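Student: Below you will find the structure I want to go over with you.
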Amino acid sequence: MKDTKLQEVDAVWVALRPWGRFQVFQLFIVLVDALPCSFAILSAVITGYIPEFTCLDVEDGGNQTVDRKFEVHNDQCSYDVYSVNGNQSELLETKACTKFAYSYENSYAFEWGLVCERSNLAALAQSLVIAGQGIGAFTMSHLADRVGRKTVRVISHLGILLTMGIMAASQNIYMLLALRLVAGTFQQGVLCTGKILALETFPRQQRSYIEAASFLAWSVGVMILALLGWLFQDLNWRYLQLTLAAFSLYALIQWWMIDESVRWLVSNGRIKEAKRILRKAARWNNVDYAKVEAAFDEHVHVGPVMERPLLPVNGGAPDSRSEENGADLKVNGTQSGNEKEVRGVEKYTVIDILRNPALRANTLILWYTWIVATGTYYGLTLVSTHLAGNRFLNFFLSGAIEVPSLSLDFYLFNKIGRKRTLILWFAIVASTLVVSTSLLTAFPGVGAAAIVATCFSLVGKSASTGSFSTVFLYTPEIYPTNYRNSGLGVASSVSRIGGLLAPFASNLALIAMWIPGAIFATMCFIVVLLAMRLPESSTHELPATIAECDTWERREDKHLTRTS
Numbered sequence: 000m001k002d003t004k005l006q007e008v009d010a011v012w013v014a015l016r017p018w019g020r021f022q023v024f025q026l027f028i029v030l031v032d033a034l035p036c037s038f039a040i041l042s043a044v045i046t047g048y049i050p051e052f053t054c055l056d057v058e059d060g061g062n063q064t065v066d067r068k069f070e071v072h073n074d075q076c077s078y079d080v081y082s083v084n085g086n087q088s089e090l091l092e093t094k095a096c097t098k099f100a101y102s103y104e105n106s107y108a109f110e111w112g113l114v115c116e117r118s119n120l121a122a123l124a125q126s127l128v129i130a131g132q133g134i135g136a137f138t139m140s141h142l143a144d145r146v147g148r149k150t151v152r153v154i155s156h157l158g159i160l161l162t163m164g165i166m167a168a169s170q171n172i173y174m175l176l177a178l179r180l181v182a183g184t185f186q187q188g189v190l191c192t193g194k195i196l197a198l199e200t201f202p203r204q205q206r207s208y209i210e211a212a213s214f215l216a217w218s219v220g221v222m223i224l225a226l227l228g229w230l231f232q233d234l235n236w237r238y239l240q241l242t243l244a245a246f247s248l249y250a251l252i253q254w255w256m257i258d259e260s261v262r263w264l265v266s267n268g269r270i271k272e273a274k275r276i277l278r279k280a281a282r283w284n285n286v287d288y289a290k291v292e293a294a295f296d297e298h299v300h301v302g303p304v305m306e307r308p309l310l311p312v313n314g315g316a317p318d319s320r321s322e323e324n325g326a327d328l329k330v331n332g333t334q335s336g337n338e339k340e341v342r343g344v345e346k347y348t349v350i351d352i353l354r355n356p357a358l359r360a361n362t363l364i365l366w367y368t369w370i371v372a373t374g375t376y377y378g379l380t381l382v383s384t385h386l387a388g389n390r391f392l393n394f395f396l397s398g399a400i401e402v403p404s405l406s407l408d409f410y411l412f413n414k415i416g417r418k419r420t421l422i423l424w425f426a427i428v429a430s431t432l433v434v435s436t437s438l439l440t441a442f443p444g445v446g447a448a449a450i451v452a453t454c455f456s457l458v459g460k461s462a463s464t465g466s467f468s469t470v471f472l473y474t475p476e477i478y479p480t481n482y483r484n485s486g487l488g489v490a491s492s493v494s495r496i497g498g499l500l501a502p503f504a505s506n507l508a509l510i511a512m513w514i515p516g517a518i519f520a521t522m523c524f525i526v527v528l529l530a531m532r533l534p535e536s537s538t539h540e541l542p543a544t545i546a547e548c549d550t551w552e553r554r555e556d557k558h559l560t561r562t563s
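Count the sequence shown with numbering that gives the first Met the number 0 and you get residues 0 to 563, in order.
What follows is the structure, given as structure tokens:
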């Protein structure tokens, strides 16, 4: 791809050396944070495992007499009582089972009897954590744009440590459900802010590697959780819960381990703090700070604080509403006569984003893309052929299968760009869904067809992970700095619609096997068509203002005109 001129903060990170010790350490902490994030969401798969169970009411005798016959239903939740008179029998009543024998006794599903009519409480444990993610993605991401990435991230991680630890002492399922909701909220505070902080600590060429690496860390977390579940399978679930909480103990000192985003500080006029961090980074990287400061003074220009865009969305005259941000702002008034005009610190809300025609269209497309990515990811898991064998091995493989697509992302993001990578992954998901669904529908009960369909389903699962990784990278790249975290958070919140609707795929499969695959494939093909409207973000620095986003659109329009 054709390179573009370095500008603003990217030039500063290049002067510091993109893979310097300072940036690598910041990235390392973000990657380590992926472990407690995955544990907070997925731990219920292990700690709340619902084992096979058998109704004991009949075996214990109950009110059984010589003239009674008992037949337990296949679901083991109820049994029929018959009156027997010679060769004749008459159904007297159907009774619910009250006593059970379990194949596994070290989960909270066993401890609190979450089977039969109480099984909905076990499902609610996962639904509530997804709801918590929606709440956290919206609220925590908004706070991160207002008060800073570091503050929200550290507080959220302390919240995970606290809630995960208290879960081990839960007295009943209702206490655990409440904690799961809170854990989901804090999880998004760590995950979203960590991704944004990592992206803002590297220049354009390195951003793609950062996003792929963060998703690989998540997959590693899934595999570690499977391993820990296997190691603790003979112990009460509370011991595993405490162990998972212990992975977040370093949150107690994390405030002193990480630094605030320099890009966020610059966009909010806190120049002294930004330069203090850059001085530290130069020392860590063995770089002459004078060169870094020279690059900063040449490329970074900050003006007065503004609560609305400096340039209105209709392209008219600059907005006159502004206020001074204090003595530490460095305003370069000599640049107003050229292309590097003085830019103010601009605060944005979702209203500002949706008022801009280009950003509004891009945002609506991305919201739909997030819903499809989430729904397809979970829907594939629900309707595809399950692997037989050990449940811990199966869970481990569900994380391992994500590695191939994420490894390809390292190459694809910079080689063909974010936009084309997004289109490619969704096209693969749609195609594999069509093939696997067609095979299962056309050849029901045929072993060879089932094996081939399973292989295509696994490819689709891997591709759906690649699509998730791409949309996570692309979304914050198209938004201005003071809406970047909020933009990612709102999109993540909207995506929970897909997560909540995905379970219905199992019900649709009972009607006809081809229905879920047809729906998901169609939705993915629509994403492919809509994504062609999106601008490419890999050739640009992260935008600081809505005006810069509009510049992208104009360049994309010119490029499309030349190529058409």
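For glycine and all other residues, C-beta sits at the position ideal for the given N, C-alpha and C.
Small disclaimer: the values here were computed from a predicted structure and weren't measured.
1) What residue from K149, Y101 and F137 has the CA that sits closest to E259's CA?
2) On the DSSP bridge assignment, give the partners of D79 in chain order.
3) Measure how close the beta-carbons of Y367 and L529 come, nearest whole angstrom, since I'm counting them as under 8 Å.
4) Do you know whose CA, among I28, G488 and E297, lies nearest T200's CA?
5) As a quick exercise: from T242, A244, F295 and E401, pick the residue whose alpha carbon is nearest that of L264.
6) Can you check the region 26-63 for any alpha helix (DSSP H) of at least 4 residues that lies completely inside it and give the ranges in chain order?
7) Less than 7 Å between the C-beta atoms of F52 and F99, yes or no?
8) Can you check whether the C-beta of L277 is within less than 7 Å of a C-beta belonging to chain C?
9) Between the Cα of I159 and those of L472, P35, S207 and I270, spot the shortest distance and give me the residue it belongs to.
10) So, for Y208: in the same chain, excluding its five sequence neighbours on each side, which residues have a beta-carbon less than 7 Å away from its beta-carbon?
11) Does DSSP put A100 in a helix, in a strand, or in coil?
12) Grab the span of the alpha helix (DSSP H) containing Q204 for me, first residue to last.
13) Taking P475 as part of the alpha helix (DSSP H), name the residues at either end of that continuous run.
14) Using DSSP bridges, identify the partner residues of Q87.
15) Mapping DSSP to helix, strand and coil, what is A14?
16) Alpha carbon to alpha carbon, how far is G444 from C548? Give it in angstroms, no decimals.
17) Which residue's Cα is closest to the Cα of L438: I422, S456 and A426?
18) Could you check the C-alpha separation between G343 and S140 for me, to the nearest Å?
19) Which class does S247 belong to by DSSP, given the choice of helix, strand or coil?
20) Do you know offhand how far S468's Cα is from L41's?
21) Buried or exposed for N567, going by 16 or more other Cβ atoms inside 10 Å?
22) State the Cα-Cα distance for the pair A462 and C523, rounded to the nearest angstrom.
23) Residues in its own chain within less than 6 Å of N62 by CB, not counting five upstream and five downstream?
24) For the alpha helix (DSSP H) holding C191, just list the boundary residues, first then last.
25) If I'm right that T436 touches W513 with Cβ under 8 Å, what's the distance once you round it to whole angstroms?
26) Just the C-alpha distance for L564 and A14, rounded to the nearest angstrom, thanks.
27) Note down, in chain order, each residue of its chain lying with its Cβ closer than 6 Å to the Cβ of L127, except the 5 sequence neighbours on either side.
28) What is the DSSP secondary structure of N267, reduced to helix, strand or coil?
29) Short check: CB of V153 to CB of W254, under 7 Å?
30) Along the chain, where does the alpha helix (DSSP H) containing T141 start, and where does it finish?
31) Can you tell me where the alpha helix (DSSP H) holding A530 begins and where it ends?
32) Please identify the residue among P356, A273, G465 and L196 whose C-alpha is closest to the C-alpha of A546.
33) When you compare the CB positions of A136 and S406, do they come within less than 7 Å of one another, or not?
34) If you check the beta carbons only, do T93 and D79 fall under 7 Å apart?
Tutor: From the atom records:
1) K149
2) E70 and T93
3) 7 Å
4) If we check each option's Cα against that of T200, I28 comes out closest.
5) F295
6) DSSP runs (the alpha helix (DSSP H)) wholly in the region 26-63: 43-46.
7) yes
8) The structure shown contains no chain C, having only a single protein chain.
9) P35
10) F409
11) strand
12) R203 to L230
13) Counting along the chain, the alpha helix (DSSP H) containing P475 begins and ends at G446 to E476.
14) N84
15) helix
16) 53 Å
17) That would be S456, whose Cα lies nearest to the Cα of L438.
18) With a pLDDT of only 47 at G343, under 50, the local geometry of the prediction cannot be trusted, and the value read off the model is given with reservation. Cα to Cα, G343 sits roughly 22 Å from S140.
19) coil
20) 18 Å
21) Residue 567 lies beyond the residue range present for the chain, which begins at 0 and ends at 563; the question has no answer from this structure.
22) 12 Å
23) With a pLDDT of 49 at N62, under the threshold of 50, the predicted position of this residue should be treated as unreliable, and no value is reported.
24) I172 to L198
25) 5 Å
26) Summary: the structure shown does not reach residue 564, with the chain confined to residues 0 through 563, and so no result is reported for it.
27) L176, R179 and L180
28) For N267, the three-state secondary structure derived from DSSP is coil.
29) Annotated as proximal: V153 and W254, with beta-carbon spacing under 7 Å.
30) The identity of residue 141 in the sequence shown is His, whereas the question assumes Thr. Here the alpha helix (DSSP H) through H141 covers S118 to V146.
31) Bounds of the alpha helix (DSSP H) holding A530 are W513 to A530.
32) Among P356, A273, G465 and L196, the Cα nearest to that of A546 is on P356.
33) no
34) Their beta carbons are under 7 Å apart, which means T93 touches D79 by this criterion.
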